[in-house]
Structures are given as structure tokens and as C-alpha cells.
Amino acid sequence: MIRCNKDYELLILPRVNHNVPADLYFIRRKLDFFVRHLLGQEPPEYEFKTEIKAVEPEKPGSEAEINAFTEEEHERTI
Numbered sequence: 001m002i003r004c005n006k007d008y009e010l011l012i013l014p015r016v017n018h019n020v021p022a023d024l025y026f027i028r029r030k031l032d033f034f035v036r037h038l039l040g041q042e043p044p045e046y047e048f049k050t051e052i053k054a055v056e057p058e059k060p061g062s063e064a065e066i067n068a069f070t071e072e073e074h075e076r077t078i
């Protein structure tokens with residue numbers, strides 16, 4: 001059903017945990033749910049034409065930067 005972009009009431013996403021996936025089918029279903037239940041309208045037929053790329057989380061600063069920040073915060077609390 002997912003591969004055919006078809007709706008069904010019980011939404012099961014195979015091999016997906018409880019994190020919200022960046023899956024085009026899931027995003028379309030979520031948006032359609034809000035249109036139906038908040039706006040009281042039927043959503044139009046549409047399909048996303050692009051894939052969503054995951055964004056890498058920012059890496060924390062160097063250990064020296066982290067230590068400097070911690071010492072600065074400590075100075076303010078004294």
C-alpha cells in the first residue's frame with residue numbers, strides 16, 4: 001500500500017521505530033490527517049517529487065571551548 005501511495009486507516013511503517021521518520025509517505029499522511037480533521041476538508045491528490053535528506057546534527061565544540069564555557073559559567077555563579 002505504501003509503495004502505491006495508497007491510504008489505509010491503520011498506519012504501519014515497516015522497519016521504523018517510534019521516531020518520526022523523514023519518509024515522504026508518512027509526511028503526506030500526517031498532513032492529510034490535519035487537513036481532514038482540523039480543516040474538515042478532503043486533501044487534494046498530490047505526491048512529493050523529491051526525497052528528503054537527513055540533516056547531520058551539529059558536532060559540539062572542542063573540549064577546550066566546552067571547558068572555557070563551563071569555567072565562565074562557574075565564575076558568574078560565585
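Read left to right, the sequence shown gives residues 1 to 78 (the UniProt record's numbering). All residues carry an ideal CB built from backbone N, CA and C; glycine is no exception.
*Can you tell which of Tyr25, Asp7, His18 has the C-alpha that lies nearest to the C-alpha of residue 110?*
The first residue shown for the chain is 1 and the last is 78, placing residue 110 beyond what the model contains.
*Glu42 and Arg36 look like a contact to me (Cβ under 8 Å); what is the Cβ gap, rounded to whole Å?*
The Cβ separation is near 7 Å, so the contact holds.
_Inter-residue spacing [alpha-carbon to alpha-carbon] between Met1 and Ala22_ = So the alpha carbons of these two residues sit roughly 18 Å apart.
*Nearest-angstrom Cβ-Cβ length linking Glu47 and Asn5, presumed shorter than 8 Å*: Between Asn5 and Glu47 the Cβ distance is about 6 Å, and since that is below 8 Å, they are a contact.
_Rounded distance between the beta-carbons of Arg29 and Leu11, thought under 8 Å_ = Right, their Cβ atoms sit about 6 Å apart.
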